[in-house]
Every structure is written in structure tokens, then in C-alpha cells.
Amino acid sequence: MMASLIAAEWDHQETLLKPHALPATSVTARAIDGLAEQETRSAVQEALLKYLDTDTICFYQDYPPQLERLQAEHWDPLLEWARKTYDVEINKAESILFCAQPEATKEKFRQVIAKFDQWQLAALERATYTTKSFIIGLALVTKHFTVEQAALAATVEVCSQIERWGEVEDTHDVDYHDVRRQLGSAACLLSST
Numbered sequence: 177m178m179a180s181l182i183a184a185e186w187d188h189q190e191t192l193l194k195p196h197a198l199p200a201t202s203v204t205a206r207a208i209d210g211l212a213e214q215e216t217r218s219a220v221q222e223a224l225l226k227y228l229d230t231d232t233i234c235f236y237q238d239y240p241p242q243l244e245r246l247q248a249e250h251w252d253p254l255l256e257w258a259r260k261t262y263d264v265e266i267n268k269a270e271s272i273l274f275c276a277q278p279e280a281t282k283e284k285f286r287q288v289i290a291k292f293d294q295w296q297l298a299a300l301e302r303a304t305y306t307t308k309s310f311i312i313g314l315a316l317v318t319k320h321f322t323v324e325q326a327a328l329a330a331t332v333e334v335c336s337q338i339e340r341w342g343e344v345e346d347t348h349d350v351d352y353h354d355v356r357r358q359l360g361s362a363a364c365l366l367s368s369t
């Protein structure tokens, strides 16, 4: 399947290559070329774990009401899943300040992703960087979340703004598709291995 997706990406390229239009190619190349060496894998794992202290879904706001509703709908169940599945404590912040997670939580997740093969790690890296959330990325890679669920959880603030103010053409709609394209490439990589 991944080979077909990569071929389709290249078939749709024009004279000038558009790297943003090659998500399947880039995530596959990352897995094959970028994550074969243990030293690189370890560095990537540590970089991903840093996202725990700034994880999007750990920063709640209490206004506006649309945002509160979407946070409860998309983030609360995800945090509960992570806590129960991995037997960890995950702190929530109700401000924009740093929200350090317990060292025991980081160590537990370090052990979890140390077992990932290069394909899973490349998918986690793509999903985490796309969503700004280690936890959303982990939910996608472990197949707890679909691409759509991960995209909705990652865009709670934007969805709240759209509900309140309306969609900004050529911005929100482009982001909507880009998040799903990036997460979809990660999910397809996993289903192909």
C-alpha cells in the first residue's frame, strides 16, 4: 500500500517538486534512512518525550464555552486512556505556563517507545510534530485513535475559533487537510508494515 501511495504522490508532482505534497514519501524515507541507527533513534525518542511537558492536550482554558466543550469532548477521554493504559500520572495546566510531567511518567513512556520499531517511531514522530502532542501521536500509533479522531483532538482550539468567528478561507481549510494528510501518512506507514 505504501508503495502505491508514494507512486501516486510522485505521479501528481509537476515540474517543480512540492515537498509538502509528499508526506508518504517523507515519512517512509525517515523510517528507512533516518531511523535505522540506534543513536539517531535514541535522540528522536528523547526529543519526542520533551513534548510531554508542552503537550497540547494538557493545557486547558476556561473560556470560551465552545473551547471548554471541545476540550472535554476530545481531550478528557484521551488523557484518561493514557493514564489507565500506561498507569501514569499526567498533569493538566489551566494556563499557558509550563506544565512539567512527573519523571515516572516520562520514564514509563520512554520504556514504551524504546520498544517501537523504526516504522512506529517514524509514525510517532510525524504524528507528534503535526499535532504538537506526544499523547495524540501515541494514540494514533497504537491504533487507539483513527486519523480523524487524532485530527479533531489536535485542532480543538481552531475548531472553537471557527465555531465562534467562522472559517478563514485559504487558512483553516488548508490546515484542515494538511493535518489529515500528515496524520494519514503516519497511519498508512503503520498499516503497511
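If you're matching positions, the sequence shown starts at 177 in the numbering used here and goes up one per residue.
Cβ coordinates follow ideal geometry from the N, Cα and C atoms, glycine included.
Please read all numbers here as calculations on a predicted model, not as lab measurements.
When burial is assigned at 16 or more other CB atoms within 10 Å of the CB, is P199 buried or exposed?
buried
Express the C-alpha separation of D209 and W341 in angstroms, rounding to a whole number.
44 Å
On the three-state DSSP scale, how would you describe F274?
coil
Around the Cβ of E301, are there at least 16 other Cβ atoms within 10 angstroms (buried) or fewer (exposed)?
buried
So what's A212 in DSSP terms, helix, strand or just coil?
coil
Consult DSSP for F310 and reduce its assignment to one of helix, strand or coil.
helix
Taking the alpha carbon of Q242 as the reference point, which residue from V332, T204, T261, L193 has its own alpha carbon closest?
V332
S180 burial status per 10 Å Cβ neighbour count (16 or more: buried)
exposed
Assuming T306 and Q358 are in contact, meaning their beta carbons sit under 8 Å apart, how far apart are those beta carbons, in whole angstroms?
4 Å
Bounding residues of the alpha helix (DSSP H) (the contiguous stretch that carries Q237)
Q237 -> no alpha helix (DSSP H), and no H or E assigned at all.
Pop quiz: D351 and E343 are said to be a contact at Cβ under 8 Å. What is the actual Cβ separation, rounded to whole angstroms?
Rounded, the Cβ-Cβ distance is 10 Å, inconsistent with contact.
Alpha carbon to alpha carbon, what distance is there between I266 and E256?
9 Å
Kindly give me the distance between the Cβ atoms of A212 and Q294, rounded to whole angstroms, as I take these residues to be in contact under 8 Å.
6 Å
Quick one: what's A197 bridged to in DSSP?
Answer by DSSP bridge pairing: none, since A197 is not bridged.
Determine the direct distance from the alpha carbon of S361 to that of T347, and round the result to whole angstroms.
21 Å
Taking the Cβ atom as the reference point for each residue, do S309 and T216 lie within a distance shorter than 9 Å?
no
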